[in-house]
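Student: Quick note: the sequence shown uses my numbering, first residue 31, plus one each step. Where is the CB? At the ideal position from N, CA and C, for every residue including glycine. Quick one: the structure is below, and I'll ask about it shortly.
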Amino acid sequence: MSRFIPYGRQNISEEDIAAVCAVLRSDYLTQGPVIPQFEQAVAAHCGARHAVAVNSATSALHLACLALGLGPGDILWTVPNTFVASANCARYCGATVDFVDIDHRTWNLSVPALREKLTQAARTGRLPKVVVPVHFAGQPTEQQAIHALAGEFGFKVIEDASHSIGATHQGERVGSCRWSDITVFSFHPVKIITTGEGGLAVTNHPEWAEKMAVLRTHGITREPSRMLRPNEGAWYYEQHELGLNYRLTDLHAALGVSQLKRLDEFVAIRNQLAHAYDEALATLPLQRPYVRPENRSAYHLYPVRIDAAQRRRVFDAMRTAGIGVNVHYCPVHLQPYYHALGFQSGYCPEAEAHGAEVLTLPLHPLLTADDLTRIVNQLTIALC
Ligand SMILES: *Cc1c(COP(=O)(O)O)cnc(C)c1O
31 MSRFIPYGRQ NISEEDIAAV CAVLRSDYLT QGPVIPQFEQ AVAAHCGARH
81 AVAVNSATSA LHLACLALGL GPGDILWTVP NTFVASANCA RYCGATVDFV
131 DIDHRTWNLS VPALREKLTQ AARTGRLPKV VVPVHFAGQP TEQQAIHALA
181 GEFGFKVIED ASHSIGATHQ GERVGSCRWS DITVFSFHPV KIITTGEGGL
231 AVTNHPEWAE KMAVLRTHGI TREPSRMLRP NEGAWYYEQH ELGLNYRLTD
281 LHAALGVSQL KRLDEFVAIR NQLAHAYDEA LATLPLQRPY VRPENRSAYH
331 LYPVRIDAAQ RRRVFDAMRT AGIGVNVHYC PVHLQPYYHA LGFQSGYCPE
381 AEAHGAEVLT LPLHPLLTAD DLTRIVNQLT IALC
């Protein structure tokens, strides 16, 4: 039996290991000097002013919503073609979630669908406070068009860039926040770079960065200039609001600093592998990922779409052959939790068609040319 090929996995070097070990031998295991070092490195990489590192992208999405003032009575819109966290962040804040359908070519948020839904919502007074576009599979969304609609209809934009650190849009790195309010990254091991568990929010707004930093650690401040009462000195801190413990540790951040050095290399390898797939799959009966000319994808995933009636059989045949294909995503609005909130099938037809047809092929920097040939050969057999 040949080796099992997972759909994604981390790539850890001896240098990464040494960086983590150095923290273990140092004075601080958490919230020491490596956290700001990691934050500055990511902010510099993507050209944003501020970065706040936390223990997951889920936490970063939650803090981003809190920083933008999302609360009970408010509405957040996202797409169904995403991981549940893109929607759950609103529910943590007591807000309502609604879903915008995706584009049939990019599989990202459909700008025409967004515009139409906004026009209707303006009439009924049900406009969203926040919209969360998701850079599916590593491809940025149509940020300028979404930004223009944000200005017209008065909502904030949180980019869920969990798949797309290292990608560019109009030559600009994802995370610059030129066309958004806050951008969130994930460093889960299947993502582009990893910290084990971890996430980070970037923004150009100092107040939101400050708010997220305070809420990350219980709503506590130790900053003398911010005290509401007389400062009693070294032991003194004040809790100003109800925060959480979403801190990242220095151990995780050290892995992040080290991994970030190889981000461009990882993205280059992922692009090479994706192009190799593009060529090898060109004549098969399937839809390949479409990347718009103004984008460079980070290729977190390489999803293809096949006949829905064949998907179960092809999926099983690939898994039996030791190939870790997967499905990204079963539409979030049809998850039992959201179904119970009233969402029915037929609500987002494009995302539902995608969910029924998609098959994610393995893609990660340790995938070899031989692995790729094996995957393509198995898929060719399974499809014919
Ligand atoms: C992975 C992922 C998240 C959550 O990331 P965590 O760091 O695991 O919390 C959120 N959104 C999307 C689109 C993801 O793929």
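1) What three-state label does DSSP hand His335 in the structure shown?
2) Under 8 angstroms Cβ to Cβ from Glu382, same chain only, skipping five residues before and after it: list those, please.
3) Restricting to Cα atoms, I'd like to know which of Asn234, Trp209, Pro366 is closest to Ala175.
4) Any heavy atom of ligand 1 inside 7 angstroms of the beta-carbon of Ser192?
5) Can you give, in chain order, each stretch of the beta strand (DSSP E) that sits fully within the region 231-271 and has at least 3 residues?
6) Determine the DSSP secondary structure at Gly229, reduced to helix, strand or coil.
7) Return the first residue and the last residue of the beta strand (DSSP E) that Ser216 is part of.
8) Is the beta carbon of Thr112 within less than 7 angstroms of some heavy atom of ligand 1?
9) Does the beta-carbon of Asp211 have 16 or more other beta-carbons within 10 angstroms, so that it is buried, or is it exposed?
10) Let me confirm a value: Asp149 is counted as buried when at least 16 other C-beta atoms fall within 10 Å, else exposed. Which label applies?
11) What distance in whole Å lies between the Cβ atoms of Ser116 and Leu157, which are believed to be in contact at a cut-off of 8 angstroms?
12) May I have the straight-line CA-CA distance separating Arg300 from Tyr276, to the nearest angstrom?
13) With DSSP as the reference, please indicate the residues paired to Val187 in a beta bridge.
14) In the region 321-376, which residue ranges form an unbroken alpha helix (DSSP H) of at least 4 residues, counting only runs that do not cross its ends?
15) How close, in whole Å, do the beta carbons of His193 and Leu331 come, if the pair is a contact with beta carbons under 8 angstroms?
16) Name the one or two DSSP bridge partners that Val84 has.
17) Tell me the DSSP secondary structure of Asn275 in three-state form.
18) Indicate, with yes or no, if ligand 1 has a heavy atom lying under 7 angstroms from the CB of Thr126.
19) Tell me whether the region 44-60 and the region 287-301 touch, counting them as touching only if at least three CB pairs, one residue from each stretch, are closer than 8 angstroms.
20) Rank Gly155, Leu144, His199 by C-alpha distance to the C-alpha of Ala180 and give the top, closest one.
21) With 16 other CB atoms within 10 Å as the buried threshold, where does His80 fall?
22) By the three-class DSSP mapping on this structure, what secondary structure does Glu202 have?
23) Three or more C-beta pairs closer than 8 angstroms, one from the region 86-106 and one from the region 69-78: is that the case here?
24) Examine the Cβ distances between the region 240-255 and the region 267-282 and report whether three or more of them are shorter than 8 angstroms.
25) Using three-state DSSP, classify Asp308 as helix, strand or coil.
26) Would you check if there are 3 or more beta carbon pairs closer than 8 angstroms linking the region 305-312 to the region 182-192?
27) Please confirm if the region 128-147 is in contact with the region 163-178, defined as three or more CB-CB distances below 8 angstroms between the two stretches.
28) Please confirm whether any heavy atom of ligand 1 lies closer than 7 angstroms to the CB of Thr88.
29) Output the distance between the C-alpha atoms of Asp131 and Thr108, rounded to the nearest integer angstrom.
30) Which one or two residues does DSSP pair with Thr60 in a beta bridge?
31) What residues in its chain sit with their C-beta under 7 angstroms from that of Phe345, if we drop five residues either side in the sequence?
32) Based on DSSP bridge pairs, tell me the residues matched to Phe129.
33) Does DSSP put Thr398 in a helix, a strand or coil?
34) Thinking just about the alpha-carbon of each residue, which of Gly372, Leu391, Ala264, Glu240 is nearest to the one in Ala304?
35) Quick one: what's Thr390 bridged to in DSSP?
36) Within 7 angstroms: the Cβ of Ser116 and any heavy atom of ligand 1?
Tutor: Taking the coordinates as given:
1) According to the sequence shown, residue 335 is Arg rather than His. Arg335: strand per DSSP, three-state reduction.
2) Shown here for Glu382: same chain residues with a beta carbon closer than 8 angstroms to its own, the five before and five after excluded, namely Pro110, Pro361, Leu364, Ser375, Gly376 in chain order.
3) Trp209
4) yes
5) Those beta strand (DSSP E) runs which fall completely within the region 231-271 and span 3+ residues do not exist here.
6) strand
7) 212-216
8) yes
9) buried
10) In the sequence under discussion, the amino acid at residue 149 is Thr, which differs from the Asp named in the question. Classification for Thr149: exposed.
11) About 19 angstroms; that fails the 8 angstroms criterion.
12) Arg300 and Tyr276: Cα-Cα distance of roughly 30 angstroms.
13) Val161
14) 338-350, 366-369
15) 7 angstroms
16) Gly229
17) strand
18) no
19) yes
20) Leu144
21) buried
22) strand
23) no
24) yes
25) helix
26) No, because fewer than three Cβ pairs between the region 305-312 and the region 182-192 fall closer than 8 angstroms, the two stretches do not touch.
27) yes
28) yes
29) 9 angstroms
30) Thr279
31) Val355, Leu389
32) Phe129 is bridged to Thr108.
33) coil
34) Leu391
35) Bridge partners of Thr390: Pro333, Asn356.
36) The answer is yes for Ser116.
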